[in-house]
Amino acid sequence: MNKEELKKRTKDFALRVFRFIATLQSNKSNDVIFYQLLKSSSSVAANYRAVCRGKSSADFLNKLKVVDEEADESLFWLEFINELELKCDKRELNLLIKEANELVAIFSSAIRTIKSKNPNSKILNPN
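Going letter by letter, the sequence shown gives residues -17 to 109 in the numbering used here.
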């Protein structure tokens, strides 16, 4: 998958999350969850665009780590909604969980690959 395809995929993920949340019943407690999910899912897309504009290897890697964290946070909130058993389109929720899992896997793998290709770099491998 090239960077343009991944840009589209991350943006599509955010759009699907926004549309999914729009179908859910709003109340004080749900709105907190929905807000967090809206922020994290849109951050995956926005920050991946920033990754593509990284100015150095270290900048690229740091931005990629943010994307990975936001994808994982999105996954957390989707799983949280699932465990709350909110009335929703379960098929779409399961597809979003699957997509979030795949995005986490993609970004985590990319991070590991970058680090393994630069094992002696103190910037890329600070530990």
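In this text, a Cβ means the ideal position worked out from N, Cα and C, and glycines have one as well.
Treat the numbers as computed from the prediction; the structure is a model and nothing was measured.
Assigned exposure category for residue i - 16 Cβ within 10 Å defines buried
{"i": "F62", "result": "exposed"}
{"i": "K(-15)", "result": "exposed"}
{"i": "N29", "result": "buried"}
{"i": "K37", "result": "exposed"}
Nonlocal neighbours in the same chain, by C-beta distance under 6 Å from residue i, ignoring five residues either side
{"i": "Q18", "result": "W59"}
Where residue i sits in the DSSP three-state scheme
{"i": "S91", "result": "helix"}
{"i": "N83", "result": "helix"}
{"i": "D71", "result": "coil"}
Cβ shell of residue i (< 8 Å), same chain only, five flanking positions each side left out
{"i": "M(-17)", "result": "R(-9), I88"}
{"i": "L75", "result": "F2, L60, I63, N64"}
Chain-order list of residues whose beta-carbon lies under 7 Å from that of residue i (same chain, five-residue window excluded)
{"i": "L47", "result": "Residue 47 is actually Lys in this sequence, not Leu. I93, listed in sequence order."}
{"i": "E52", "result": "S22, S25, V26, N29"}
Checklist entry - Where are the alpha helix (DSSP H) runs, 4 residues long or more, that stay fully inside the stretch 23 to 67, in chain order? => result List check, alpha helix (DSSP H) in window: 39 to 66.
Checklist entry - Are there three or more Cβ pairs, one per stretch, closer than 8 Å when the stretch 23 to 30 is compared with the stretch 5 to 12? => result Fewer than three pairs of CB atoms, one per stretch, sit closer than 8 Å, so the stretch 23 to 30 makes no contact with the stretch 5 to 12.
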